[in-house]
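Number of protein chains: 2
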Amino acid sequence: MSAEDVNGRRRATVKDVAVAAGVSPATVSRVLAGDYPVATGTKARVQRAIRELDYVANAQARVLKGGSSGMIAFVLDDVTGPSFAYVAKGVEQQATEEGRLCIICTTHGDPERELAVVDAMREQHAEAVILVGGGLVGEEYRQRMIRLARALDKAGSRLVLCGRPPLGEDVPATVVEYDNEGGAFAITSFLLSQGHRRIVYLGKVADNHTTSRERIAGYLRAHELFGVEHDPALIVPGDFTQAYGERATRQLLAAGTAFTAIFAATDMVAAGVLRTLRAAGRRVPEDVSVVGYDDIPLAIHVVPALTTVRIPTEELGRAAVRLALRPAESQHVVLGTHIVVRESVRPVAPPNRG
Amino acid sequence: MSAEDVNGRRRATVKDVAVAAGVSPATVSRVLAGDYPVATGTKARVQRAIRELDYVANAQARVLKGGSSGMIAFVLDDVTGPSFAYVAKGVEQQATEEGRLCIICTTHGDPERELAVVDAMREQHAEAVILVGGGLVGEEYRQRMIRLARALDKAGSRLVLCGRPPLGEDVPATVVEYDNEGGAFAITSFLLSQGHRRIVYLGKVADNHTTSRERIAGYLRAHELFGVEHDPALIVPGDFTQAYGERATRQLLAAGTAFTAIFAATDMVAAGVLRTLRAAGRRVPEDVSVVGYDDIPLAIHVVPALTTVRIPTEELGRAAVRLALRPAESQHVVLGTHIVVRESVRPVAPPNRG
DNA sequence: TTCCGTACAGAGAACGATTTCTACCGTCCG
DNA sequence: CGGACGGTAGAAATCGTTCTCTGTACGGAA
Numbered sequence: 006m007s008a009e010d011v012n013g014r015r016r017a018t019v020k021d022v023a024v025a026a027g028v029s030p031a032t033v034s035r036v037l038a039g040d041y042p043v044a045t046g047t048k049a050r051v052q053r054a055i056r057e058l059d060y061v062a063n064a065q066a067r068v069l070k071g072g073s074s075g076m077i078a079f080v081l082d083d084v085t086g087p088s089f090a091y092v093a094k095g096v097e098q099q100a101t102e103e104g105r106l107c108i109i110c111t112t113h114g115d116p117e118r119e120l121a122v123v124d125a126m127r128e129q130h131a132e133a134v135i136l137v138g139g140g141l142v143g144e145e146y147r148q149r150m151i152r153l154a155r156a157l158d159k160a161g162s163r164l165v166l167c168g169r170p171p172l173g174e175d176v177p178a179t180v181v182e183y184d185n186e187g188g189a190f191a192i193t194s195f196l197l198s199q200g201h202r203r204i205v206y207l208g209k210v211a212d213n214h215t216t217s218r219e220r221i222a223g224y225l226r227a228h229e230l231f232g233v234e235h236d237p238a239l240i241v242p243g244d245f246t247q248a249y250g251e252r253a254t255r256q257l258l259a260a261g262t263a264f265t266a267i268f269a270a271t272d273m274v275a276a277g278v279l280r281t282l283r284a285a286g287r288r289v290p291e292d293v294s295v296v297g298y299d300d301i302p303l304a305i306h307v308v309p310a311l312t313t314v315r316i317p318t319e320e321l322g323r324a325a326v327r328l329a330l331r332p333a334e335s336q337h338v339v340l341g342t343h344i345v346v347r348e349s350v351r352p353v354a355p356p357n358r359g
Numbered sequence: 006m007s008a009e010d011v012n013g014r015r016r017a018t019v020k021d022v023a024v025a026a027g028v029s030p031a032t033v034s035r036v037l038a039g040d041y042p043v044a045t046g047t048k049a050r051v052q053r054a055i056r057e058l059d060y061v062a063n064a065q066a067r068v069l070k071g072g073s074s075g076m077i078a079f080v081l082d083d084v085t086g087p088s089f090a091y092v093a094k095g096v097e098q099q100a101t102e103e104g105r106l107c108i109i110c111t112t113h114g115d116p117e118r119e120l121a122v123v124d125a126m127r128e129q130h131a132e133a134v135i136l137v138g139g140g141l142v143g144e145e146y147r148q149r150m151i152r153l154a155r156a157l158d159k160a161g162s163r164l165v166l167c168g169r170p171p172l173g174e175d176v177p178a179t180v181v182e183y184d185n186e187g188g189a190f191a192i193t194s195f196l197l198s199q200g201h202r203r204i205v206y207l208g209k210v211a212d213n214h215t216t217s218r219e220r221i222a223g224y225l226r227a228h229e230l231f232g233v234e235h236d237p238a239l240i241v242p243g244d245f246t247q248a249y250g251e252r253a254t255r256q257l258l259a260a261g262t263a264f265t266a267i268f269a270a271t272d273m274v275a276a277g278v279l280r281t282l283r284a285a286g287r288r289v290p291e292d293v294s295v296v297g298y299d300d301i302p303l304a305i306h307v308v309p310a311l312t313t314v315r316i317p318t319e320e321l322g323r324a325a326v327r328l329a330l331r332p333a334e335s336q337h338v339v340l341g342t343h344i345v346v347r348e349s350v351r352p353v354a355p356p357n358r359g
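Protein chains in written order, with my numbering: chain B, 6 to 359; chain U, 6 to 359.
Given below as structure tokens:
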């Protein structure tokens with residue numbers, strides 16, 4: 006009819022294929038699905054027609070009829086965050102293995118956009134919506150998340166919290182965490198075991214931010230376990246950026262604070278610390294030991310290579326997808342973290358007894 | 006009817022909203038679209054029903070009826086590639102600004118998967134399919150790409166080649182490139198202008214790979230322009246990895262090849278070079294100058310900070326989306342590259358005349 | 001020979017939204 | 001006073017699949 010038909014620029018439909026093969030649309034659909042007996046000859050004719058018309062099914066129509074959208078949404082703050090790429094890799098790989106597509110959305114930490122994104126995913130009938138990255142803590146935020154979880158559940162999709170704490174008992178959400186506090190505990194213990202007693206903590210210190218809260222908790226618990234009294238002055242609040250690492254280190258040196266080691270809450274912070282220490286003529290690890298957290302790719306490139314805590318990023322992503330698609334399995338999992346020892350730590354020098 | 010209806014766990018449809026508001030489905034649709042006069046009272050009733058039922062439209066049904074899917078697909082080799090995250094950021098940002106969703110797919114360099122992905126995107130009615138990263142060169146591959154471009158065009162979506170050369174005149178594809186050869190030319194010229202005459206090239210050397218071909222071309226053109234005869238022994242073929250950078254540098258040192266500078270075809274290669282040179286006791290830039298390409302985040306963290314070529318990654322992604330959605334504009338654009346000078350280059354020492 | 005089961009194919013009703021095309025009701029103007 | 005018109009609203013077709021009914025034909029068993 007239309008001009009489109011004439012020059013063949015309209016995409017082919019089952020009906021077109023059916024006409025070309027001299028069968029009914031139903032038969033074409035059955036050949037495609039392969040779940041219903043179709044005579045060999047008929048099947049061949051249909052398949053040839055499909056090839057000749059270069060037919061591909063219309064995913065929307067299929068979903069509309071009752072199929073699954075096969076989409077997994079991956080929601081994060083910022084694609085360029087150093088470890089997010091690895092979580093994304095895990096998500097993407099697992100999604101592909103399971104025959105799903107992967108949608109990616111960023112929020113820039115804006116709760117409004119987070120809401121908008123989740124709504125968009127409800128419209129799209131996404132099978133799972135994976136929220137990644139340390140979120141805020143607090144009753145208001147928690148309630149909001151619970152509402153999202155329920156709304157998604159009602160729309161037939163699943164909310165997955167990746168690297169965030171659970172919302173509560175009967176909330177329909179999947180949680181994939183890593184042992185944040187344990188990693189901080191382990192690496193602080195390592196420093197303490199090397200004789201360090203005055204260990205600076207550099208990073209975000211916010212009670213309503215899960216990541217920083219847990220890292221500090223592990224840091225303090227290690228002190229307790231070693232029976233080391235902790236000097237509150239050694240916690241220098243800031244954020245998780247390299248710039249802060251540089252600034253804080255300068256302040257520390259200028260103030261003449263006594264310390265033998267620095268626990269940077271993030272490898273990025275640690276990078277800033279190393280840079281500034283070197284510029285100030287302090288040798289690492291001879292004069293000061295430094296550790297980070299996250300084991301981002303950069304960690305092996307800074308000088309000296311950084312002793313840090315490894316997060317199972319890729320596995321985190323894979324697990325998120327895997328669990329979301331298997332409602333029967335446990336919907337809460339905590340993956341382990343472990344420290345990786347490189348060159349930025351040395352035992353504290355025994356006091357001079359000369 | 007079903008159990009789902011009873012406990013309200015089925016998602017609401019226009020019909021449900023219509024019933025709740027005491028109007029027809031058509032009216033609900035019109036309130037949603039807002040493009041048709043609806044009496045104020047009626048509109049209010051409908052909106053209240055929408056809120057109460059927590060209604061969201063079914064994207065699939067909407068697309069099926071003739072709307073656009075609003076999806077942009079982003080296809081790359083591997084999400085964890087150092088510069089891809091920035092292209093992805095550009096794509097995602099622009100897509101969001103234009104009210105589109107962003108689908109991400111990886112191919113791991115497998116042409117089969119590339120095909121599968123494009124087919125999937127045809128099924129999804131994606132508005133644009135952005136292929137990013139240096140592809141292969143060659144007639145067979147080119148023909149395959151042309152077929153993909155036409156297939157997508159027929160399905161109403163647009164193929165975008167991002168960082169790859171054009172396919173030819175009347176192929177329905179958008180091309181967003183950066184001046185690969187120009188960057189290589191500029192940075193080699195920089196080394197030559199600093200007096201370097203024996204400059205090693207380390208990286209992939211494959212005639213059928215666009216990126217390496219152009220980088221070598223720029224490297225050679227600079228030599229020509231400076232009237233410096235180029236010693237073919239200075240080209241050490243390999244790949245684009247850090248491991249190769251380390252291996253090649255060791256070989257170079259072991260062989261006793263004379264050189265004063267190294268042009269690593271990639272910052273990752275350069276990172277390996279720096280590492281190995283330091284381990285071997287060669288100082289950079291005092292003994293050897295080193296440059297890279299790509300300006301990945303790592304470049305400022307290696308020691309010494311790397312002089313390299315900046316690729317407008319983020320803008321590349323934004324342009325890809327922008328052009329794909331504006332058929333009226335020119336569908337081929339070449340973005341500029343420029344060198345960024347840091348600390349890894351020094352003029353060659355004048356020959357000792359003692 | 002009759003009957004039934006099986007293999008195969010088509011007709012037609014969904015799915016949920018949009019969008020014609022119609023239709024109604026006042027009101028205004030001739 | 002009658003017809004036209006603007007403002008609203010609904011009925012029904014439509015998008016491309018899938019899937020449930022029906023229905024036919026053929027082969028074998030009774």
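Just so it is clear, CB atoms sit at the ideal spot from N, CA and C, and this is done for glycine as well.
A quick note: this is a predicted structure, and the numbers were derived from the prediction, not measured.
Within a 10 Å sphere around the beta-carbon of H113 of chain U sit fewer than 16 other beta-carbons, which makes this residue exposed. For the stretch 116-133 of chain B, the beta-carbon criterion of a distance under 7 Å to any beta-carbon of chain U is satisfied by D124, A125, R127, E128, Q129, H130. Uninterrupted alpha helix (DSSP H) stretches at least 4 residues long and entirely within the stretch 135-218 of chain B occur at 144-159, 185-198, given in chain order. Identification of residues in the stretch 16-40 of chain U having a C-beta nearer than 8 Å to some C-beta of chain B yields R16, given in sequence order. Residue burial annotation: H337 of chain B is exposed, with fewer than 16 other C-beta atoms found within 10 angstroms of its C-beta.
For the C-beta of V307 of chain B, the chain U residues within less than 9 Å are, from N- to C-terminus, H306, V307, V308. P317 of chain B places its beta carbon 7 Å or farther from that of E348 of chain B. Ranked by how close their Cα comes to the Cα of D124 of chain U, the residues U:L69, U:V80, U:Q247, U:V353 have U:V80 in first place. The stretch 185-192 of chain U makes contact with the stretch 290-299 of chain U; the number of CB pairs closer than 8 Å reaches 3 or more. The Cβ atoms of V278 of chain B and G250 of chain B sit closer than 7 Å to each other.
In the three-state reduction of the DSSP assignment, P242 of chain B falls in the strand class. Secondary-structure assignment with DSSP links H337 of chain U through a beta bridge to U:V180. N185 of chain B counts as buried, since at least 16 other C-beta atoms from the protein chains shown sit within 10 angstroms of its C-beta. The three-state reading of DSSP puts D236 of chain B in coil, since its state is none of H, G, I, E or B. Using a CB distance below 7 Å, the part of the stretch 76-108 of chain B facing chain U consists of V84, T85, A90, Y91, A93, K94, E97, L106, C107, I108, ordered along the chain. According to DSSP, R315 of chain B shares a beta bridge with B:D299, B:H343. With respect to the 7 Å criterion, L321 of chain U and V181 of chain U are classified as neighbours on the basis of their beta carbons.
Taking 9 Å as the Cβ-Cβ cut-off, the stretch 320-350 of chain U has no residue approaching chain B. Per DSSP, the beta-bridge partners of A133 of chain B are B:I77, B:R163. The Cβ atoms of A284 of chain B and A275 of chain B do not sit closer than 7 Å to each other.
In the DSSP assignment, the residues bridged to L106 of chain U are U:M76.
Using beta-carbon distances, Q65 of chain B counts as an interface residue toward chain U, with a partner under 7 Å. When CB distances to chain U are screened at a threshold of 9 Å, the residues of the stretch 40-59 of chain B falling below it are D59, in chain order. Any Cβ of chain U closer than 7 Å to the Cβ of T246 of chain B would place that residue at the interface, and such an atom is absent.
Distance from the CA atom of H228 of chain U to the CA atom of T313 of chain U, rounded to whole angstroms, is 18 Å. Pairwise C-beta distances place the stretch 149-163 of chain B out of contact with the stretch 124-137 of chain U, as fewer than three of them are shorter than 8 Å.
Straight through space, the alpha carbons of T179 of chain B and A325 of chain B are spaced by roughly 8 Å. Inter-residue distance for C110 of chain B and V165 of chain B is about 14 Å (C-alpha atoms, whole angstroms). Here V346 of chain B is exposed, its C-beta having fewer than 16 other C-beta atoms within 10 Å. Counted as a single uninterrupted DSSP element, the alpha helix (DSSP H) harbouring I55 of chain U occupies residues 45-58. DSSP lists no bridge partner for T18 of chain B. Looking from the CA of G86 of chain U, the closest CA among U:R323, U:L303, U:A354 belongs to U:L303. For A266 of chain U, the enclosing beta strand (DSSP E) begins and ends at 266-269. In the DSSP assignment, P30 of chain U falls within the unbroken alpha helix (DSSP H) covering 30-38.
Closest in alpha carbon position to P170 of chain B, among B:V142, B:L58, B:E234, B:A238, is B:V142.
For V61 of chain B, the nearest CB of chain U lies under 7 Å from its own CB, placing it at the interface with that chain.
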